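The structure appears below as structure tokens.
What follows is the structure, encoded as structure tokens:
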């Protein structure tokens with residue numbers, strides 16, 4: 002049996018853009034993706050702390066050091082620039098693997114989305 006376990010989390014980042022005229026996804030500063038251990042194209046779950054919305058999509062790597070957090074496509078209707086979100090990725094593991102696993106959690110500065 003496999004269970005889903007939190008693998009990575011970008012805790013409390015500020016949405017910088019919301020672009021309805023895009024196919025879909027979330028664009029995330031590639032430095033934040035790397036620090037959290039999230040791959041480009043990986044499925045992520047997003048929680049909006051401002052309005053309680055929850056959604057899932059896939060990642061696109063944004064310009065390194067830009068601090069970009071941009072919800073694209075239909076997801077843009079669930080956020081506003083300035084909203085604070087939590088971005089989470091999960092992995093499938095056996096219960097034994099999960100016992101010793103520690104997720105990678107990063108806490109960027111919510112004003113700049115830069116690692117401190």
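Numbering (this note's numbering), first residue to last: 2 to 117.
Don't be surprised by glycine CBs; every beta carbon is placed ideally from N, CA and C.
Since the model is a prediction, treat every value here as computed from it, not as a measurement.
Does the Cβ-Cβ distance between residue i and residue j come in under 8 Å?
i: residue 109; j: residue 27; result: no
i: residue 75; j: residue 25; result: yes
i: residue 35; j: residue 60; result: no
In the DSSP assignment, find the unbroken alpha helix (DSSP H) run with residue i in it and report its ends.
i: residue 99; result: 96-101
i: residue 31; result: 31-37
In whole angstroms, give me the CA-to-CA distance for residue i and residue j.
i: residue 29; j: residue 22; result: 17 Å
i: residue 62; j: residue 69; result: 9 Å
i: residue 14; j: residue 103; result: 21 Å
i: residue 94; j: residue 105; result: 15 Å
i: residue 9; j: residue 115; result: 17 Å
i: residue 88; j: residue 48; result: 7 Å
i: residue 50; j: residue 84; result: 7 Å
i: residue 86; j: residue 54; result: 9 Å
i: residue 81; j: residue 101; result: 38 Å
Quick one: what's got a C-beta closer than 7 Å to residue i's C-beta in the same chain, skipping five residues either side?
i: residue 20; result: 71, 73 and 77
i: residue 65; result: 30, 31 and 32
i: residue 7; result: 89, 91 and 104
Along the beta strand (DSSP E) that carries residue i, what are the first and last residues, could you check?
i: residue 48; result: 44-49
i: residue 20; result: 18-20
i: residue 15; result: 4-15
Can you find the residues in the same chain that come closer than 6 Å, C-beta to C-beta, to residue i, ignoring five residues on each side of it along the sequence?
i: residue 37; result: 9, 11, 105 and 107
Using a Cβ-Cβ cut-off of 8 Å (strictly less than) and excluding sequence neighbours within five positions of residue i, which residues of its own chain qualify?
i: residue 3; result: 93, 94 and 95
i: residue 45; result: 27, 39, 57, 58, 59, 60, 88, 89 and 90
i: residue 99; result: 4 and 6
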